[in-house]
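Heads up: the structure comes next, in structure tokens.
Residue numbers (my numbering): 155 to 455.
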């Protein structure tokens, strides 16, 4: 019988917090984009990053709550980067605990948003609610965007331009399209993380009716879309520099894309071999984090 163990390490593992690097690095990019703005505030920056973190953890735990009796029960190829949190399959935590964590993290994000609201950021509430909606609608019925082929788009927006737009506004109080645009590469790379993690889950997701694009296309035909995402992120970065939205120095962030060469090679060879895909999953996560950290540094300079 599954029971909840009140162990901080178990509950922390249940949040899948390492994956929060995807949202936090994008938030740091937004803070970097605001760093030289006259209205820059470290307090607002910290509140914005905490709000982003809590929203991400809420999305993670709600996703595990939804998948408890679905994909995760039939997934024979769950790995370190796909198939949800491993702790619940070891009988150490209950499904209800994931729901409680999801609500708690959502409340914490709301608290950050309200604090910013009362410090002169009135638009932060609708922006935060939009991000929360996309994060929740990804998994939760009746929307279940991940099962309808809209999951990648939702993640691109929620973890990319909407995130940097909202964080930039939270810090400066200014609604700028520049803040929106600098998040496009981060969002695409985060979608690529989600996308490549669906390859090992293909069979289980097919069984439970989670019809994302890897299921719809099959693992072989789904490969070019991954390539389009990562190449698209690089091309957008170059375009943002060309239009002076990013400084020329930001081209250094393309060095962070180098692990993707390995990821593409592994995916092309082992698209239908879940265990062999782990290096490609690792490389995608590393590329997203590394490229956005470099980008953020070039913005702070």
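By construction, the Cβ of each residue, glycine as well, lies at the ideal position given by its N, Cα and C atoms.
Note that this is a predicted model, so its numbers are computed, not measured.
Is the beta carbon of residue 324 closer than 8 Å to that of residue 250? For the purposes of this step, residue 250 is taken as the residue at position 96 of the chain shown. For the purposes of this step, residue 324 is taken as the residue at position 170 of the chain shown. Going by C-beta atoms, residue 250 is not nearer than 8 Å to residue 324.
Would you mind reading off the limits of the alpha helix (DSSP H) that contains residue 173? Within the chain shown, residue 173 is the residue found at index 19, counting from 1. Counting along the chain, residue 173 falls outside any alpha helix (DSSP H), and DSSP gives it neither H nor E.
State buried or exposed for residue 272, treating a residue as buried only when at least 16 other CB atoms are found within 10 Å of its CB. One-based indexing of the chain shown puts residue 272 at position 118. By the neighbour-count rule (16 or more Cβ atoms within 10 Å), residue 272 is not buried but exposed.
What separation, rounded to the nearest whole angstrom, lies between the Cα atoms of residue 428 and residue 381? Taking the chain shown and counting its residues from 1, the one referred to as residue 428 is at position 274. Taking the chain shown and counting its residues from 1, the one referred to as residue 381 is at position 227. Computed Cα separation, rounded: 18 Å.
Does the beta-carbon distance from residue 219 to residue 259 come in below 8 Å? By 1-based counting over the chain shown, the position of residue 219 is 65. By 1-based counting over the chain shown, the position of residue 259 is 105. Cβ atoms of residue 219 and residue 259: not closer than 8 Å.
Determine the extent of the alpha helix (DSSP H) in which residue 434 is found, giving its start and end residues. The residue given as residue 434 occupies position 280 in the chain shown. Counting along the chain, the alpha helix (DSSP H) containing residue 434 begins and ends at 432–454.
Can residue 452 and residue 413 be called in contact, C-beta distance under 8 Å? Translated into positions along the chain shown, residue 452 becomes position 298. Translated into positions along the chain shown, residue 413 becomes position 259. Going by C-beta atoms, residue 452 is not nearer than 8 Å to residue 413.
Residue 394 to residue 454, Cα distance in whole Å? The residue given as residue 394 occupies position 240 in the chain shown. The residue given as residue 454 occupies position 300 in the chain shown. Approximately 17 Å between the Cα atoms of the pair.
Relative to the C-alpha of residue 205, which residue among 335, 344 and 177 is closest? For this step, residue 205 is matched to residue 51 along the chain shown. Answer by Cα proximity: 177.
Pair every Cβ in the segment 307–322 with every Cβ in the segment 335–342, then say whether three or more of these pairs are closer than 8 Å. yes
Below 8 Å on the Cβ atoms is my contact criterion, and I expect residue 420 with residue 434 to pass it. Report the Cβ-Cβ distance as a whole number of Å. Looking up residue 420 in the chain shown gives position 266. Looking up residue 434 in the chain shown gives position 280. Confirmed, about 4 Å.
Could you tell me the boundaries of the alpha helix (DSSP H) in which residue 250 lies? Taking the chain shown and counting its residues from 1, one reaches residue 250 at position 96. That run of the alpha helix (DSSP H) goes 249–271.
Report yes or no: do three or more beta-carbon pairs, one from the segment 198–212 and one from the segment 360–369, lie closer than 8 Å? no
What's the gap between the Cα of residue 280 and the Cα of residue 375? By one-based count along the chain shown, residue 280 stands at place 126. By one-based count along the chain shown, residue 375 stands at place 221. So the two alpha carbons sit approximately 38 Å from each other.
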